[in-house]
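Quick note on numbering: the sequence shown equals residues 793 to 929 in our numbering. Backbone N, C-alpha and C fix where the C-beta goes; we use that ideal spot for every residue, glycine too. Inspection log for the structure reproduced underneath, given as structure tokens.
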Amino acid sequence: MVSFFSEDIDFKVVNPLKTRKWLKNASISEGYELSQLNYVFCSDEYLLEINKQYLDHDYFTDIITFDNSEEDNQLEGDIYISVDRVRENAATFHTDFDTEMRRVLIHGLLHLAGHDDTSEALKTAMRAKEDEYLRLF
Numbered sequence: 793m794v795s796f797f798s799e800d801i802d803f804k805v806v807n808p809l810k811t812r813k814w815l816k817n818a819s820i821s822e823g824y825e826l827s828q829l830n831y832v833f834c835s836d837e838y839l840l841e842i843n844k845q846y847l848d849h850d851y852f853t854d855i856i857t858f859d860n861s862e863e864d865n866q867l868e869g870d871i872y873i874s875v876d877r878v879r880e881n882a883a884t885f886h887t888d889f890d891t892e893m894r895r896v897l898i899h900g901l902l903h904l905a906g907h908d909d910t911s912e913a914l915k916t917a918m919r920a921k922e923d924e925y926l927r928l929f
């Protein structure tokens with residue numbers, strides 16, 4: 793199950809049913825059963841506080857993913873997304889907001905599925921995976 797929440801802002805996902813199905817299909821393609829994904833949309837300030845409190849990082853980010861999975865073949869987690877940061881990144885990367893939001897949505901799922909972006913090579917591989925899934929939306 794995929795759920796969408798807004799924490800300190802008013803935000804609604806465009807095409808929520810299609811988005812849920814897309815995320816579920818991506819999970820299956822990655823070899824996982826989608827148990828429960830909670831996407832929480834918030835402001836830069838809200839996500840900065842989470843970043844400081846849980847990761848000891850004092851900087852803005854577009855996404856923080858918490859893995860709550862208890863079984864190896866299931867995806868379960870809480871994914872916090874800064875709508876402010878996604879909007880700014882869309883402008884920076886010359887893409888529309890909805891496409892950038894979908895990229896961030898799938899980015900969180902890919903982290904839960906074991907993909908990492910801690911090096912340039914891994915970032916490139918993850919970006920290619922994101923592009924692959926974006927084409928399937």
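Other residues of its chain near residue i: CB distance less than 7 Å, five sequence neighbours each side excluded
{"i": "Thr857", "result": "Gly869, Ile871, Gly900, His903 and Leu904"}
CB contact below 8 Å: residue i versus chain B
{"i": "Arg919", "result": "Chain labels in this structure do not include chain B; a single protein chain is all it has."}
CA nearest to the CA of residue i, picked from the options
{"i": "Ile898", "options": "Phe852, Val878, Tyr925 and Val806", "result": "Tyr925"}
{"i": "Asp850", "options": "Asp836, Lys816, Pro808 and Asn830", "result": "Asp836"}
{"i": "Met793", "options": "Ser874, Ala917 and Ile820", "result": "Ile820"}
{"i": "Asp802", "options": "Glu892, Leu914, Asp876 and Glu822", "result": "Asp876"}
{"i": "Val805", "options": "Arg919, Glu912, Thr891 and Met918", "result": "Thr891"}
{"i": "Arg895", "options": "Thr910, Ser874 and Ala913", "result": "Ser874"}
{"i": "Gly823", "options": "Leu867, Phe833, Ser861 and Pro808", "result": "Leu867"}
Burial state of residue i (16 or more Cβ within 10 Å)
{"i": "Asp923", "result": "exposed"}
{"i": "Lys921", "result": "buried"}
{"i": "Thr811", "result": "buried"}
{"i": "Leu829", "result": "buried"}
{"i": "Ala883", "result": "exposed"}
Chain-order list of residues whose beta-carbon lies under 8 Å from that of residue i (same chain, five-residue window excluded)
{"i": "Val878", "result": "Asp854, Phe889, Glu892, Met893 and Val896"}
{"i": "Leu914", "result": "His907 and Asp908"}
{"i": "Lys844", "result": "Asp850"}
{"i": "Phe885", "result": "Glu892"}
{"i": "Glu862", "result": "Glu868"}
Inter-residue CB distance, residue i and residue j (contact presumed, cutoff 8 Å)
{"i": "Phe797", "j": "Tyr831", "result": "7 Å"}
{"i": "Tyr838", "j": "Asp800", "result": "5 Å"}
{"i": "Lys816", "j": "Leu826", "result": "5 Å"}
Cβ shell of residue i (< 6 Å), same chain only, five flanking positions each side left out
{"i": "Phe833", "result": "Ser798, Phe803, Ile873 and Val875"}
Residue ranges of each beta strand (DSSP E) run of no fewer than 3 residues wholly in the segment 852-924, ordered along the chain? 855-859 and 866-874
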